[in-house]
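Q: Residue numbers (our numbering): 3 to 334.
Positions of the beta carbon are idealized from the N, C-alpha and C atoms, including for glycine.
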Amino acid sequence: MKVNKEWLEKVSEEVVDPERRIIDPHHHFFVEGGGFPAYSVDDLISDVRTHNVVKTVYLQCWEGYRIDGPVELQVVGETEYVDAIAKRLSTVGEAVKISGIIATAELRDVNSVQTVLNAHKASSKLFRGIRQMAAWDSSEDIMNTPNLDHPMLYTDPDFVKGFRVLDDMNLVFDAWLYHHQMRSLTKLAQKFPNTTIVLDHLGTPLGVGPYVGERDEVYTEWERELKELSKCPNVNVKLGGLAMPWNGFGFEDQDRPPSSDDIVEKQSLYYHAAIDAFGPSRCMFESNFPVDKCALSYHVLWNAFKKMSAQYSESEQDDLFYGTAERVYRLD
Numbered sequence: 003m004k005v006n007k008e009w010l011e012k013v014s015e016e017v018v019d020p021e022r023r024i025i026d027p028h029h030h031f032f033v034e035g036g037g038f039p040a041y042s043v044d045d046l047i048s049d050v051r052t053h054n055v056v057k058t059v060y061l062q063c064w065e066g067y068r069i070d071g072p073v074e075l076q077v078v079g080e081t082e083y084v085d086a087i088a089k090r091l092s093t094v095g096e097a098v099k100i101s102g103i104i105a106t107a108e109l110r111d112v113n114s115v116q117t118v119l120n121a122h123k124a125s126s127k128l129f130r131g132i133r134q135m136a137a138w139d140s141s142e143d144i145m146n147t148p149n150l151d152h153p154m155l156y157t158d159p160d161f162v163k164g165f166r167v168l169d170d171m172n173l174v175f176d177a178w179l180y181h182h183q184m185r186s187l188t189k190l191a192q193k194f195p196n197t198t199i200v201l202d203h204l205g206t207p208l209g210v211g212p213y214v215g216e217r218d219e220v221y222t223e224w225e226r227e228l229k230e231l232s233k234c235p236n237v238n239v240k241l242g243g244l245a246m247p248w249n250g251f252g253f254e255d256q257d258r259p260p261s262s263d264d265i266v267e268k269q270s271l272y273y274h275a276a277i278d279a280f281g282p283s284r285c286m287f288e289s290n291f292p293v294d295k296c297a298l299s300y301h302v303l304w305n306a307f308k309k310m311s312a313q314y315s316e317s318e319q320d321d322l323f324y325g326t327a328e329r330v331y332r333l334d
């Protein structure tokens, strides 16, 4: 997985609705040499300047871990790492600020969950909750969550015990899984109706491996499960992440990257289905950068979002771009 800046520069667009305020509720930082494209704070600043992005939320991605001390507390290093970046940003006068951190913890490790979550909370006032990914498929063509060998993490008895601690602490939980796993998240949300849960990346309808040529069938299953999940009022959904290679649109293999109109044409069906199911007040657009940057530029992606949302009222658009993220993550 790589970002080809020369290739991305083949498509440049005038920014749509440039004054609209935006919270980007899902981005990462990656150092050079990992499995994902390097992405620094300077890269983030360069991207968010193309639109009126005023706040962001950082999502865990195994960066900045402590290299010593108790093993279970090494993940707290990521919160410390991003908190330091956020403080530097706030002192140099940048228009954008990192306003929230979603870290990680191993909820199945019931004996350490409380200690780890308390350590995250003590490390940064920006800490809002955790993500423990459950994305898993039996196909070797599809990326699986590390240290997971089955698709039902969110109904695992030990996970549920650990989740109860998160629930008691009133923290947010971000979930990432594939379309055929959504039923497990629905069960979790029903069990913990007072926990704010965020479904990442629209539930990632797969389009590679055994799902090639099955887009209509996948869509039908995805939409059915998404509607069922939307009946849980404590669940919100992030609208984005569909440019990842596992979705199977193949943008990254084209001679030219997609335009915003291309994204609208090929993907708006998914976005509108999610908004129809959850309502704008429970939906938020996300960049998922730099992972989605392998397929398109930041300004093109947000142009596509703005074009898709033009049919909604002004207050609904404000929810999709700003309000929902601000409420869900309790951003200052």
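Decide if residue 113 is buried, meaning its Cβ has at least 16 other Cβ atoms within 10 Å, or exposed.
A: Reading the sequence shown from its first residue, position 111 is the one you call residue 113. Result: exposed.
Q: Tell me the rounded alpha-carbon separation between residue 74 and residue 51.
A: Mapped onto the sequence shown, residue 74 falls at position 72. Mapped onto the sequence shown, residue 51 falls at position 49. Distance between the alpha carbons of residue 74 and residue 51 is about 37 Å.
Q: Report the rounded CA-to-CA distance for residue 12 versus residue 190, giving the unit in angstroms.
A: Your numbering for residue 12 matches position 10 in the sequence shown. Your numbering for residue 190 matches position 188 in the sequence shown. Going by the C-alpha atoms only, they are around 44 Å apart.
Q: By how many angstroms is the C-alpha of residue 101 removed from the C-alpha of residue 92?
A: Here residue 92 refers to the residue found at position 90 of the sequence shown. Here residue 101 refers to the residue found at position 99 of the sequence shown. Cα-Cα distance, rounded: 10 Å.
Q: Is it true that the CB of residue 103 sits closer than 8 Å to the CB of residue 174?
A: As a first step, residue 174 is located in the sequence shown; it is residue number 172 there, counting from the start. As a first step, residue 103 is located in the sequence shown; it is residue number 101 there, counting from the start. No, Cβ-Cβ distance for residue 174 and residue 103 is not below 8 Å.
Q: Should residue 36 be labelled buried (16 or more other beta-carbon atoms within 10 Å of its own) or exposed?
A: Translated into positions along the sequence shown, residue 36 becomes position 34. Label assigned to residue 36: exposed.
Q: Report yes or no: do three or more beta-carbon pairs, one from the region 273 to 290 and one from the region 219 to 239, lie closer than 8 Å?
A: As far as the Cβ criterion goes, the region 273 to 290 touches the region 219 to 239, which means the pair count is three or higher.
Q: Contact between the region 158 to 173 and the region 205 to 215 is defined here as three or more beta-carbon pairs at a separation below 8 Å; is this criterion met?
A: Segments in contact, no.
Q: So the alpha helix (DSSP H) residue 275 belongs to, where does it begin and stop?
A: Position 273 of the sequence shown, counting from 1, holds the residue named residue 275. Note, residue 275: alpha helix (DSSP H), 262 to 280.
Q: Tell me, please, whether the region 222 to 233 touches the region 177 to 188 by the rule of three or more beta-carbon pairs shorter than 8 Å.
A: Yes: at least three Cβ pairs fall under 8 Å.
Q: Tell me whether residue 195 is buried or exposed, calling it buried when 16 or more other Cβ atoms sit within 10 Å of its Cβ.
A: Walking along the sequence shown from the start, residue 195 turns up at place 193. Label assigned to residue 195: exposed.
Q: For the alpha helix (DSSP H) holding residue 326, just list the boundary residues, first then last.
A: Counted from its first residue, the sequence shown places residue 326 at position 324. It spans 326 to 330 - the alpha helix (DSSP H) in which residue 326 sits, taken as one unbroken run.
Q: Should residue 258 go down as buried or exposed, given a rule of 16 or more other Cβ atoms within 10 Å for buried?
A: Within the sequence shown, the letter at position 256 stands for residue 258. So residue 258 counts as exposed.
Q: Going by CA-CA distance only, name the one from 8, 278, 3 and 18 that's closest to residue 32.
A: Position 30 of the sequence shown, counting from 1, holds the residue named residue 32. If we check each option's Cα against that of residue 32, 3 comes out closest.
Q: Mapping DSSP to helix, strand and coil, what is residue 249?
A: By one-based count along the sequence shown, residue 249 stands at place 247. Helix at residue 249.
Q: DSSP on residue 154, reduced to helix/strand/coil?
A: Position 152 of the sequence shown, counted from the first residue, corresponds to residue 154. DSSP places residue 154 in coil when its eight states are reduced to three.
Q: Beta-carbon within less than 7 Å of residue 147's beta-carbon, same chain only, minus the 5 sequence neighbours each way: which residues are those?
A: The count along the sequence shown starts at 1 and reaches residue 147 at position 145. Closer than 7 Å at Cβ, skipping near neighbours: 135, 136, 137 and 138.
Q: Looking at residue 245: is its Cβ nearer than 8 Å to the Cβ of residue 176?
A: As a first step, residue 245 must be located in the sequence shown, where it is residue number 243. As a first step, residue 176 must be located in the sequence shown, where it is residue number 174. Against a cut-off of 8 Å, the Cβ pair of residue 176 and residue 245 comes out as no contact.
Q: Reducing DSSP to helix, strand and coil, say where residue 141 ends up.
A: Reading the sequence shown from its first residue, position 139 is the one you call residue 141. Note: residue 141 maps to coil in three-state DSSP.
Q: DSSP has residue 66 in a bridge; who is on the other side?
A: The count along the sequence shown starts at 1 and reaches residue 66 at position 64. Answer is none; residue 66 lacks a bridge partner.
Q: Compare the C-alpha of residue 7 against each of 40, 125 and 21 and name the closest.
A: By 1-based counting over the sequence shown, the position of residue 7 is 5. Looking at the Cα atoms, 40 is the closest of the given residues.
Q: Could you tell me if residue 85 is buried or exposed, where buried requires 16 or more neighbouring beta carbons within 10 angstroms of its beta carbon?
A: Locating residue 85 in the sequence shown gives position 83, counting from the first residue. With 16 or more other Cβ atoms within 10 Å, it is buried.
Q: Are residue 132 and residue 106 closer than 8 Å when you measure CB to CB?
A: For the purposes of this step, residue 132 is taken as residue 130 along the sequence shown, with counting starting at 1. For the purposes of this step, residue 106 is taken as residue 104 along the sequence shown, with counting starting at 1. Result yes, Cβ atoms of residue 132 and residue 106 sit closer than 8 Å.
Q: Considering only C-alpha positions, which residue in the set 127, 187 and 249 is nearest to residue 215?
A: Translated into the one-based positions of the sequence shown, residue 215 becomes position 213. Selected option, being the one with the closest Cα: 249.
Q: Just to confirm my understanding: we take residue 328, look at its own chain, exclude 5 residues before and 5 after, and list those with CB closer than 8 Å. What are they?
A: Numbered from its first residue, the sequence shown carries residue 328 at position 326. Closer than 8 Å at Cβ, skipping near neighbours: 25 and 57.
Q: When you compare only the Cα positions, how much space is there between residue 291 and residue 140?
A: The residue you call residue 291 lines up with position 289 of the sequence shown. The residue you call residue 140 lines up with position 138 of the sequence shown. Rounded to whole angstroms, residue 291 to residue 140 spans 26 Å at the Cα level.
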